[in-house]
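Student:
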Amino acid sequence: MALGWVHPESAALDWDIAQVRRLARHLGYRLVWPPETSRIPLADQARTAGADAVITPSTEHLGILTLHAVMGVADVETVTPRLSFARWPAKPDP
Numbered sequence: 000m001a002l003g004w005v006h007p008e009s010a011a012l013d014w015d016i017a018q019v020r021r022l023a024r025h026l027g028y029r030l031v032w033p034p035e036t037s038r039i040p041l042a043d044q045a046r047t048a049g050a051d052a053v054i055t056p057s058t059e060h061l062g063i064l065t066l067h068a069v070m071g072v073a074d075v076e077t078v079t080p081r082l083s084f085a086r087w088p089a090k091p092d093p
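Numbering (numbering that gives the first Met the number 0), first residue to last: 0 to 93.
#1: So, with DSSP's three-state summary, where would you put E76?
#2: On a Cα-Cα basis, can you pick out the residue from T36, R24, G27, V53 that is closest to H67?
#3: State yes or no: is the C-beta of T94 within less than 7 Å of the C-beta of T79?
#4: Of the residues A85, V31, R21, which one's Cα is nearest the Cα of A94?
#5: Which value, in whole angstroms, describes the spacing of the CA atoms of G62 and V5?
Next up, the structure:
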């Protein structure tokens, strides 16, 4: 399962949503979307949803700090440019 994410202030919101849906289908993911009004950080939403990946139109929709946080819990897939960011490896137990 993948969590779709498009920045709510995107200038081409409908187009971006369609592109995320298309990539999710291409990669074989069932796509879910976070609530539009949620103030919960994206990484926490991905963790709670049990998402294997977060799919977004580009890294510009996330920001570098959010990208880093999300990679702690899920892979990140972007439409343009077509990139895959693998989640950070789990830290071994001491």
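By construction, the Cβ of each residue, glycine as well, lies at the ideal position given by its N, Cα and C atoms.
Tutor: So, to answer that:
#1: The residue given as residue 76 occupies position 77 in the sequence shown. E76 falls in the strand class under three-state DSSP.
#2: The residue labelled residue 67 in the question sits at position 68 within the sequence shown. Of the listed residues, the one whose Cα sits closest to H67 is V53.
#3: The first residue shown for the chain is 0 and the last is 93, placing residue 94 beyond what the model contains.
#4: For residue 94 there is no data in the structure shown, the boundaries of the chain being 0 and 93.
#5: Reading the sequence shown from its first residue, position 63 is the one you call residue 62. Reading the sequence shown from its first residue, position 6 is the one you call residue 5. Each residue's Cα considered, the two are about 12 Å apart.
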